[in-house]
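Asks: Got a structure here, written out as C-alpha cells. Questions coming.
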Amino acid sequence: MLVRGLQILCDVLVIRNKFSLAMTSAKTLLRERKKIPNADDMIGYYYQDLQRGGKAFALAGKKRKGKTFFIKAFKQSGGCIAATLDAVTAIENDEKLADLFLRSLEQSGPVLRLGQSFMLQPDNLPAVEVVAILKALEGPKLSLDERASQQIQRLKAQISAIESGEMAANAKLQTALDSLKPKHDYYEYS
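Numbering (the working numbering), first residue to last: 106 to 295.
Structure (C-alpha cells):
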C-alpha cells in the first residue's frame, strides 16, 4: 500500500511541476520497491517505477541519473515504448535514448485503432498514442535520422490503410479470427 501511495504522489508532483519533491518521492519509491520481490496487479511492474524515477530526475535537472533510470526501465521491460517516449521527451538531444526509442518502435508491431485514437501496443506492455510518437519522431534530434523517417512513413501508411479500410483496425484480432477459419471444406468429402 505504501508503494502505491508513493507512485501516486510521484505522478501528482510531476504533474504539478514540483520536480525536487517528485525526485525525493521517486527515491523513496524505488527503495521501498526493492523490498517487494514480486509485482502484483495493484502496484504494477518495476520498470514503471524506474520510468517514474527517470522522469522525475530528468525534469528536476538531473539528466544523467534520469537517463540511467530510463535505460534500466527499457532493459527490464523488454522494449517499452512508453518509457522510451518519456525519455526522449524529457531528455532531448541524447543519442542513446533516441536509439532506444527507435529500437522499441521497430519491435512494436502494427498500429491499432482503439476507439477514435490510433495506438501502438507491444505484447504485454502499455499502449502509446501514435500522435505522441509522431510528434517525438519529428523533433529536432530524431528528424535527421533515417530510421526515424522510415518509422514516420510506416506509421502514417498504417493509419491511412486503417482509415481506408485496407487494413484491419486491430491486426492481432484479425490474425486470431483468420486462424479460426477452417482450412478444409468438410462438405466436399461427403
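Each residue gets a CB set at the ideal place from its N, CA and C atoms; glycine is no exception. Note that the coordinates shown come from a computational prediction; the quantities given were computed from them, not determined experimentally.
What is the DSSP secondary structure of Leu-230, counted as helix, strand or coil?
Replies: By one-based count along the sequence shown, residue 230 stands at place 125. Reduced to three states, the DSSP call for Leu-230 is coil.
Asks: Please confirm whether Ile-238 and Leu-190 have their CB atoms less than 8 angstroms apart.
Replies: For the purposes of this step, residue 238 is identified with residue 133 of the sequence shown, where counting begins at 1. For the purposes of this step, residue 190 is identified with residue 85 of the sequence shown, where counting begins at 1. Cβ distance < 8 angstroms, so Ile-238 and Leu-190 count as in contact.
Asks: Three-state secondary structure (DSSP) at Met-224?
Replies: Stepping through the sequence shown from its first residue, residue 224 is reached at position 119. Shown here, Met-224 sits in a strand according to DSSP, grouped into three states.
Asks: With C-beta atoms as the reference, is Ser-130 less than 8 angstroms away from Leu-111?
Replies: Counted from its first residue, the sequence shown places residue 130 at position 25. Counted from its first residue, the sequence shown places residue 111 at position 6. Contact: yes.
Asks: According to DSSP, is Ile-218 part of a helix, a strand, or is it coil?
Replies: Here residue 218 refers to the residue found at position 113 when the sequence shown is read from its first residue. Here residue 218 turns out to be Arg, not Ile, going by the sequence shown. It is a strand residue.
Asks: Note down the Cα distance separating Leu-242 from Ala-203, rounded to an integer number of angstroms.
Replies: Locating residue 242 in the sequence shown gives position 137, counting from the first residue. Locating residue 203 in the sequence shown gives position 98, counting from the first residue. Going from the Cα of Leu-242 to the Cα of Ala-203 covers about 9 angstroms.
Asks: Rounded to a whole number of angstroms, what is the C-alpha to C-alpha distance between Ala-163 and Ile-196?
Replies: Here residue 163 is taken as the residue at index 58 of the sequence shown, counted from 1. Here residue 196 is taken as the residue at index 91 of the sequence shown, counted from 1. Distance between the alpha carbons of Ala-163 and Ile-196 is about 6 angstroms.
Asks: Taking the alpha carbon of Asp-199 as the point to measure from, which residue in Ile-141, Leu-230, Ile-176 and Val-119 has its own alpha carbon closest?
Replies: By one-based count along the sequence shown, residue 199 stands at place 94. Nearest of Ile-141, Leu-230, Ile-176 and Val-119 to Asp-199, Cα basis: Ile-176.
Asks: Can you give the beta carbon distance from Ala-127 to Ala-165, rounded, assuming they're within the 8 angstroms contact cut?
Replies: By 1-based counting over the sequence shown, the position of residue 127 is 22. By 1-based counting over the sequence shown, the position of residue 165 is 60. Right, their Cβ atoms sit about 7 angstroms apart.
Asks: Starting from Glu-211, trace the alpha helix (DSSP H) both ways and give me its first and last residue.
Replies: Within the sequence shown, residue 211 is the residue found at index 106, counting from 1. Element bounds for Glu-211: 200-211.
Asks: Indicate whether Gly-184 and Pro-227 have their beta-carbon atoms separated by less than 8 angstroms.
Replies: On the sequence shown, residue 184 is found 79 positions in, with the first residue counted as 1. On the sequence shown, residue 227 is found 122 positions in, with the first residue counted as 1. It is a contact, given that the beta carbons lie within the stated cut-off.
Asks: To the nearest whole angstrom, what separates the beta carbons of Phe-223 and Val-233, a pair I think is in contact under 8 angstroms?
Replies: As a first step, residue 223 must be located in the sequence shown, where it is residue number 118. As a first step, residue 233 must be located in the sequence shown, where it is residue number 128. At roughly 10 angstroms, the Cβ-Cβ gap does not stay under 8 angstroms, so Phe-223 and Val-233 are not in contact.
Asks: Going by Cα to Cα distance, which pick from Ile-113, Val-193 and Lys-172 is closest to Pro-245?
Replies: Counted from its first residue, the sequence shown places residue 245 at position 140. Here the closest residue by C-alpha is Val-193.
Asks: Indicate the three-state DSSP secondary structure (helix, strand or coil) for Glu-243 in the structure shown.
Replies: As a position in the sequence shown, residue 243 is number 138, starting the count at 1. Correct three-state label for Glu-243: coil.
Asks: So, for Ala-178: in the same chain, excluding its five sequence neighbours on each side, which residues have a beta-carbon less than 7 angstroms away from its beta-carbon?
Replies: For this step, residue 178 is matched to residue 73 along the sequence shown. Contacts found: Tyr-152, Leu-155, Gln-156, Gly-159, Cys-185 and Ala-188.
Asks: If you check the beta carbons only, do Ile-148 and Arg-121 fall under 8 angstroms apart?
Replies: In the sequence shown, residue 148 corresponds to position 43, counting from 1. In the sequence shown, residue 121 corresponds to position 16, counting from 1. For Ile-148 and Arg-121, no; Cβs fall outside 8 angstroms.
Asks: Just the C-alpha distance for Leu-107 and Leu-118, rounded to the nearest angstrom, thanks.
Replies: Sequence index remark: in the sequence shown, residue 107 carries index 2 (1-based). Sequence index remark: in the sequence shown, residue 118 carries index 13 (1-based). Distance between the alpha carbons of Leu-107 and Leu-118 is about 16 angstroms.
Asks: So the alpha helix (DSSP H) Ser-125 belongs to, where does it begin and stop?
Replies: Taking the sequence shown and counting its residues from 1, one reaches residue 125 at position 20. Counting along the chain, the alpha helix (DSSP H) containing Ser-125 begins and ends at 124-138.
Asks: Can you find the residues in the same chain that come closer than 8 angstroms, C-beta to C-beta, to Asp-250, ignoring five residues on each side of it along the sequence?
Replies: Residue mapping note: residue 250 aligns to position 145 of the sequence shown, counting from 1. Contacts found: Ala-203 and Leu-207.
Asks: Near Thr-133, what residues of its chain come up, given a Cβ to Cβ distance below 8 angstroms and the 5 sequence neighbours on each side ignored?
Replies: For the purposes of this step, residue 133 is taken as residue 28 along the sequence shown, with counting starting at 1. So the qualifying residues of the chain are Leu-111.
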